[in-house]
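Visitor:
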Amino acid sequence: MKSNFTKLLIVTAIFFGLASYSVLKNKDSNLFSERGNTFIENLPSKLNDIQKIKITGRDLNMELINKNNSFSETSGYPFKAGVWESFITSLSLLKIEEKKTNNPERHNELSLVAIDKFKENNDDNEPATKITFFTKDQKVFKSILLGKIDNTVGGISGGQFARYDKDDQAYLLKGALRMPSGKSDWFNSLLLKLDQDKLSSISVKRKKTIFEIESKDKKLFLKNNPDLKIDEEKLKQVAEVIDAFYFYDVRKVNKIKKNNNNIISYEFKDGLIIILKFIEKSKDTKESWIEISAQSNNPKTTNEAKDLNKKTKGYQFLANINTSVIFNWNIKDLIKK
2 MKSNFTKLLI VTAIFFGLAS YSVLKNKDSN LFSERGNTFI ENLPSKLNDI
52 QKIKITGRDL NMELINKNNS FSETSGYPFK AGVWESFITS LSLLKIEEKK
102 TNNPERHNEL SLVAIDKFKE NNDDNEPATK ITFFTKDQKV FKSILLGKID
152 NTVGGISGGQ FARYDKDDQA YLLKGALRMP SGKSDWFNSL LLKLDQDKLS
202 SISVKRKKTI FEIESKDKKL FLKNNPDLKI DEEKLKQVAE VIDAFYFYDV
252 RKVNKIKKNN NNIISYEFKD GLIIILKFIE KSKDTKESWI EISAQSNNPK
302 TTNEAKDLNK KTKGYQFLAN INTSVIFNWN IKDLIKK
């Protein structure tokens with residue numbers, strides 16, 4: 002009896018061992034045969050061989066270009082401090098925690114569908130953030146899609162679902178991408194933050210002056226038209242542009258013919274003058290590309306004007322709709338209805 006029991010234990014142990022070996026050997030197993038592997042192998046050492054990084058998502062479509070082993074956006078406008086370092090470090094540290102589904106029908110719920118294949122009427126899920134690395138000979142080094150965050154994974158950043166492009170296998174990674182969700186957030190996009198109370202006048206010009214606004218005793222008035230019933234909110238809209246001007250996008254100065262006659266000029270009591278020049282409408286939105294410059298007729302604000310010009314010279318900025326519409330306003334647009 003004892004001998005039979007011993008034999009049974011031995012047979013059971015052998016069976017269990019063989020079963021365990023079979024499961025572990027199976028490449029499709031969920032028992033973490035790839036656990037701990039770096040998701041993008043050798044990324045830090047390969048960076049100098051990467052010429053371009055393309056990033057796409059719901060609110061993001063941008064390219065980073067390698068110039069002299071330093072990456073910048075195609076416009077060349079400088080990144081906000083720490084943004085690039087956080088982006089590339091977080092990508093380098095992503096490690097496989099476990100395999101998930103290889104069913105492409107589940108990619109949507111994990112936010113692993115690329116934006117070009119994502120259904121815009123899907124209110125429950127987000128498209129993936131797709132990141133593609135191109136070598137100097139324009140070959141793809143690696144292309145990945147990053148999806149939903151999973152905070153059940155341990156560590157400071159938690160975890161994130163991901164997959165390789167053209168591969169249905171989804172993974173849960175340890176770590177998560179650290180990157181601004183919108184393009185403008187990669188930059189110090191606040192260009193103007195000026196005190197409205199220091200305004201002296203505002204003029205909107207095309208081939209000639211369309212209208213002028215005066216500032217007196219912290220109130221705004223339409224110049225030379227005292228009998229018109231003016232909508233004060235419209236005057237405030239014009240003045241509020243310089244309260245906090247954030248750009249939505251940036252590009253190098255375009256070679257298209259400039260419409261230099263279409264400008265909004267803000268003159269301050271301390272001699273500072275801010276000039277916004279309309280360039281063209283954005284192709285995809287009602288927003289406008291503009292150029293921004295500064296002048297001064299007072300030594301006290303000369304350095305302030307120089308500092309702004311250092312930030313804006315050689316670039317064009319995408320202004321929001323509230324700013325863009327003002328370039329086409331006439332006096333009738335200011336009259337209270």
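When you line the sequence shown up against this note's numbering, it's residues 2 to 338, in that order.
By construction, the Cβ of each residue, glycine as well, lies at the ideal position given by its N, Cα and C atoms.
According to the Cβ coordinates, are I322 and I265 closer than 8 angstroms?
Guide: In this structure, I265 does not lie closer than 8 angstroms to I322 by Cβ.
Visitor: Between which two residues does the beta strand (DSSP E) harbouring I66 extend?
Guide: It spans 61 to 68 - the beta strand (DSSP E) in which I66 sits, taken as one unbroken run.
Visitor: Evaluate E74 with the Cβ neighbour count: other Cβ atoms within 10 Å of its Cβ, from every protein chain shown; 16 or more gives buried, anything less gives exposed.
Guide: Buried: at least 16 other Cβ atoms inside 10 Å.
Visitor: Nearest to I332 by alpha carbon, out of E233, N49, V141, F248?
Guide: Here the closest residue by C-alpha is E233.
Visitor: Can you check the segment 293 to 327 for any beta strand (DSSP E) of at least 3 residues that lies completely inside it and give the ranges in chain order?
Guide: If we require 3 residues or more, the beta strand (DSSP E) runs fully inside the segment 293 to 327 come out as 316 to 320.
Visitor: Could you check how far apart the C-beta atoms of L178 and Q161 are, in whole angstroms? I think they sit under 8 angstroms.
Guide: 6 angstroms between Cβ atoms; contact.
Visitor: Can you check DSSP and say which residues form a bridge with E213?
Guide: According to DSSP, E213 bridges with S204.
Visitor: Could you check what DSSP says for A163 in three-state terms: helix, strand or coil?
Guide: Note: A163 maps to strand in three-state DSSP.
Visitor: Note down, in chain order, each residue of its chain lying with its Cβ closer than 7 angstroms to the Cβ of E127, except the 5 sequence neighbours on either side.
Guide: Cβ neighbours of E127 beyond the five flanking positions: R59, S112.
Visitor: Does the separation of the CB atoms of L174 and A245 fall below 8 angstroms?
Guide: Not closer than 8 angstroms, so no.
Visitor: Report all residues from its chain with a CB closer than 6 angstroms to the CB of E281; omit the five preceding and five following residues, and keep chain order.
Guide: Within the same chain, E281 has close Cβ partners W290.
Visitor: Return helix, strand or coil for E234, following the three-state DSSP convention.
Guide: Looking at E234 - three-state DSSP - the assignment turns out to be helix.
Visitor: Does the Cβ-Cβ distance between V254 and Y316 come in under 8 angstroms?
Guide: It is a contact, given that the beta carbons lie within the stated cut-off.
Visitor: Taking just the CA atoms, how far does Q296 sit from Y78?
Guide: So the alpha carbons of these two residues sit roughly 22 angstroms apart.
Visitor: Please report how far the alpha carbon of N62 lies from the alpha carbon of K217, in whole angstroms.
Guide: Computed Cα separation, rounded: 44 angstroms.
Visitor: Taking C-beta to C-beta, are R36 and E98 nearer than 8 angstroms?
Guide: Yes, the pair counts as a contact, with Cβ atoms nearer than the cut-off.
Visitor: Can you tell me whether E106 is helix, strand or coil according to DSSP?
Guide: E106 falls in the helix class under three-state DSSP.
Visitor: Tell me whether T286 sits in a helix, a strand or coil according to DSSP, three-state version.
Guide: Coil, per DSSP.
Visitor: Is DSSP giving W330 helix, strand or coil here?
Guide: If DSSP states are grouped into helix, strand and coil, W330 belongs with coil.
Visitor: Just the C-alpha distance for D171 and D50, rounded to the nearest angstrom, thanks.
Guide: With the sequence shown as reference, residue 171 is identified as Ala, and Asp is not the correct amino acid for it. Cα to Cα, A171 sits roughly 27 angstroms from D50.
Visitor: Taking D166 as the reference, which of N152, S182, T133, I157 has the closest Cα?
Guide: Nearest of N152, S182, T133, I157 to D166, Cα basis: T133.
Visitor: Can you have a look at K237 and say buried or exposed, based on whether 16 or more other CB atoms are within 10 angstroms of its CB?
Guide: Exposed: under 16 other Cβ atoms inside 10 Å.
Visitor: Going by Cα to Cα distance, which pick from S34, T57, K137, L335 is closest to I66?
Guide: Per the Cα distances, K137.
Visitor: If I293 sits next to V205, beta carbons under 8 angstroms apart, how far is it from one beta carbon to the other, in whole angstroms?
Guide: The Cβ separation is near 15 angstroms, so there is no contact.
Visitor: Just how far apart, CA to CA, sit K100 and D250?
Guide: K100 and D250: Cα-Cα distance of roughly 38 angstroms.
Visitor: Quick check: the Cα distance between R1 and S283, rounded to an integer number of angstroms?
Guide: Because the chain is modelled from 2 through 338, residue 1 falls outside the range shown and cannot be assessed.
Visitor: So who's on the other strand from L223, going by DSSP bridges?
Guide: BP columns for L223 point to I214.
Visitor: Indicate whether I214 and L221 have their beta-carbon atoms separated by less than 8 angstroms.
Guide: Yes; because the gap between Cβ atoms is below 8 angstroms, this pair is in contact.
Visitor: Which same chain residues end up closer than 7 angstroms to S185 when comparing Cβ atoms and leaving out the 5 residues on each side of it in sequence?
Guide: Y247, F248, Y249, D250, listed in sequence order.
Visitor: Tell me the rounded alpha-carbon separation between L195 and E42.
Guide: Taking the straight line joining both Cα atoms gives about 47 angstroms.
Visitor: Which of helix, strand or coil does DSSP assign to E114?
Guide: In the sequence on display, residue 114 carries Val and not Glu. Coil.
Visitor: Would you mind working out which of E305, S158, L319, G155 sits nearest D271, comparing C-alpha positions?
Guide: The shortest Cα separation from D271 among E305, S158, L319, G155 belongs to E305.
Visitor: Under a three-way DSSP split, which group does I336 fall into?
Guide: It is a strand residue.
Visitor: Assuming S91 contacts G183 under a Cβ cut-off of 8 angstroms, what Cβ separation, rounded to an integer in Å, is found between them?
Guide: Actually they do not touch by this definition, with Cβ atoms about 17 angstroms apart.
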